[in-house]
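Undergrad: Take this structure first; my questions come after.
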Amino acid sequence: MVFSSCASKASHYHRKTQIEYNLLRLQQPGLNHHYKCNEGGSIYQECNRKYVAKAIPKPSFDSEFHASNSQNILDSIKNFLVTLYWFCYPYSMIGRTLSTISASLLVVEKLSDISPLFFIGLVQVLIPHLFMDLYINGVNQVFDLEIDKINKPYLPLASGKLSFTTGVFIVASSAILVPYIFIPFNNNIF
C-alpha cells in the first residue's frame with residue numbers, strides 16, 4: 093500500500109534534500125508492520141511525503157498458526173545451517189575433502205575394489221576431517237574476531253549472525269567430538 097501527497101512550490105534550480113527514517117516498527121508473532129516516511133524539501137517546498145505500509149495479518153485459525161509456526165522453525169533451522177556453513181569456511185574443507193578422496197582412490201587397483209565397504213571407510217575418514225576443519229576454522233574466527241570485524245565483516249561472528257558464545261560452543265563441541273570419532277570404541281583403549 094503506498095500513499096503519497098505532494099504540494100511543491102519549489103523551483104527546479106533548488107536542490108532537494110531527502111531524509112528517510114522509520115516511523116514505527118512493531119514485531120509480534122504473526123504481525124509485522126513497517127512504516128517508512130520519506131520527507132524532502134527546502135524552504136520553498138511545503139512537504140513531500142510517501143508512506144509505505146506493510147502489514148501481515150494474524151492467522152485466524154489454529155491450523156494456519158501451526159503451519160506458520162512450523163515454517164518459521166524450518167526457516168530458522170535453515171538460516172542456522174547456512175550460518176554454520178559460512179562459519180566452517182568451506183573453502184578449506186573442499187580442499188581437504190578432495191585430497192582425502194584422491195588419497196583413498198590411490199589404493200584402488202581395479203574397479204571391483206570400489207565397493208560399499210570402500211565408501212563406508214571413506215565416510216569414516218571424511219567425517220572426522222570435517223569436524224577438524226570446523227574446529228580449526230572456528231578457532232581462527234573466535235580468536236580473530238576483532239580483526240575480522242574490519243577485514244571480513246561478512247563472516248558470521250564478525251557480522252553478528254552468530255553469537256560469540258555459540259561460536260565457542262561449536263568449536264568446543266568439535267574439539268570434543270574429533271577424538272571420539274577417530275578412536276574406535278574399544279574397551280582396551282579406555
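In this text, residue positions in the sequence shown follow the working numbering: the first is 93, and each later residue adds one.
The beta-carbon is built from N, C-alpha and C at its ideal position, and this holds for glycine as well.
Relative to the C-alpha of R188, which residue among F172, L198, L247, F223 is closest?
TA: Measuring from the Cα of R188, the nearest candidate turns out to be F223.
Undergrad: Just verifying my parser: in three-state terms, what is the DSSP assignment at P248?
TA: Residue state, collapsed to three classes: helix.
Undergrad: Specify whether the region 220-237 and the region 178-185 touch according to this definition: at least 3 beta carbon pairs, one from each stretch, less than 8 Å apart.
TA: Segments in contact, yes.
Undergrad: Grab me the residues of K253's own chain with a C-beta within less than 7 Å of its C-beta, minus the 5 sequence neighbours each way, in chain order.
TA: Excluding sequence neighbours, K253 sits near T175.
Undergrad: Do you know how far the Cα of E238 is from the Cα of Y246?
TA: The straight-line gap from Cα to Cα measures roughly 13 Å.
Undergrad: At a cut of 8 Å, does the region 194-206 reach the region 254-274 through at least three beta carbon pairs?
TA: As far as the Cβ criterion goes, the region 194-206 does not touch the region 254-274, which means the pair count is below three.
Undergrad: Taking DSSP as the reference, what is the three-state secondary structure of V217?
TA: If DSSP states are grouped into helix, strand and coil, V217 belongs with the helices.
Undergrad: What does a CB cutoff of less than 8 Å around G213 pick up in its chain, not counting 5 residues either side in sequence?
TA: Cβ neighbours of G213 beyond the five flanking positions: S196.
Undergrad: State yes or no: is the C-beta of M185 within less than 8 Å of the C-beta of D240?
TA: In this structure, D240 does not lie closer than 8 Å to M185 by Cβ.
Undergrad: On the premise that P220 lies in contact with V270, defined as a C-beta separation below 8 Å, what is that separation, rounded to the nearest angstrom?
TA: The pair is a contact, with the Cβ atoms about 6 Å apart (cut-off 8 Å).
Undergrad: Report the rounded CA-to-CA distance for N161 versus S191, giving the unit in angstroms.
TA: Roughly 42 Å separates the two Cα atoms.
Undergrad: Should E131 go down as buried or exposed, given a rule of 16 or more other Cβ atoms within 10 Å for buried?
TA: Low per-residue confidence applies at E131: pLDDT is 48, beneath 50, and the placement is therefore not dependable, though the value from the model is reported in the following sentence. By the neighbour-count rule (16 or more Cβ atoms within 10 Å), E131 is not buried but exposed.
Undergrad: Give me the Cα-Cα distance between K128 and L218, rounded to the nearest whole angstrom.
TA: With a pLDDT of 44 at K128, under the threshold of 50, the predicted position of this residue should be treated as unreliable, and no value is reported.
Undergrad: In angstroms, rounded to a whole number, what distance separates the CA positions of I169 and Q163?
TA: Distance between the alpha carbons of I169 and Q163 is about 10 Å.
Undergrad: Taking the beta carbon of P248 as the centre, do at least 16 other beta carbons fall within 10 Å, making it buried, or is it exposed?
TA: P248 should be labelled buried.
Undergrad: In the DSSP assignment, the alpha helix (DSSP H) including I186 goes from what residue to what residue?
TA: 182-197 is the extent of the alpha helix (DSSP H) around I186.
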